[in-house]
Amino acid sequence: MNIGKILKELRGKRSLREIERESGVSHTYLSSLEKGRDPRTGKERKPTPDTLKKLAQVYSVPYEWLMSAAGYMDLEEGPADSEYENGELPHPAMQTDSAGWNYRAGGNKLAPRGVKEKKPFYELTEVLNGSAPVHYYGQPMSREERERALAMLEVLFPGRRPASNAPKEKR
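Per this note's numbering, the sequence shown starts with residue 1037, numbered consecutively.
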């Protein structure tokens, strides 16, 4: 099930304007999210993490679950794909402890044991040592300026060494 269908199912019989009042997300944007397409361009529309956070609160579902359904996160632990048709995650209300999920005390909100966020990161030493152009306030940095920046970082963060799983420096 795609994120648009999930959002529409979560809304149920409530109006888009009601969800707009509760979440602060415009009803036109909500409508296009549910349809999965931008009405002007026809391009696929995916909600932002901030929008998902607001909607998770309104719909009383776990933020992590919506993030996973939208493709922003991988749930590391949880039900096996083979337990569900088409390998899709079921709605949180259908989860049971036997499926491998945790439930918070006093409620039925899902708390996944492991969430792996898909966020890119940049190793600053690789950026400054790399061949790609680097700018500071719109001005390109020369090789000398990059080396000075690295030297200043050493002063600011003495004793910091690469983590064992960090990309190796290229000098």
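Glycine included, C-beta positions come from ideal geometry on N, C-alpha and C.
Bear in mind the structure is a predicted one, so any value in this text is a computation, not a measurement.
- Shown here, M1103 sits in a helix according to DSSP, grouped into three states.
- By the C-beta criterion, the segment 1056-1067 is judged to be in contact with the segment 1078-1091, since at least 3 inter-stretch pairs fall below 8 Å.
- With respect to the 8 Å criterion, L1192 and L1164 are not classified as neighbours on the basis of their beta carbons.
- Between the C-alpha atoms of M1177 and P1194 there is a straight-line separation of about 23 Å.
- Contact check for L1043 and L1091: beta-carbon distance about 7 Å, within the 8 Å limit, so the pair qualifies.
- Looking at the backbone, the Cα of L1069 and that of L1189 are separated by about 43 Å.
- Residue pairing by DSSP places P1176 opposite H1171 in a beta bridge.
- If you look at Y1158, you'll find it isn't in any alpha helix (DSSP H); DSSP assigns it neither H nor E.
- If you check the CB distance, G1072 and G1040 come in under 8 Å.
- A direct Cα-Cα distance of roughly 11 Å separates R1050 from E1056.
- Here Y1099 is near L1088, since their CB atoms are less than 8 Å apart.
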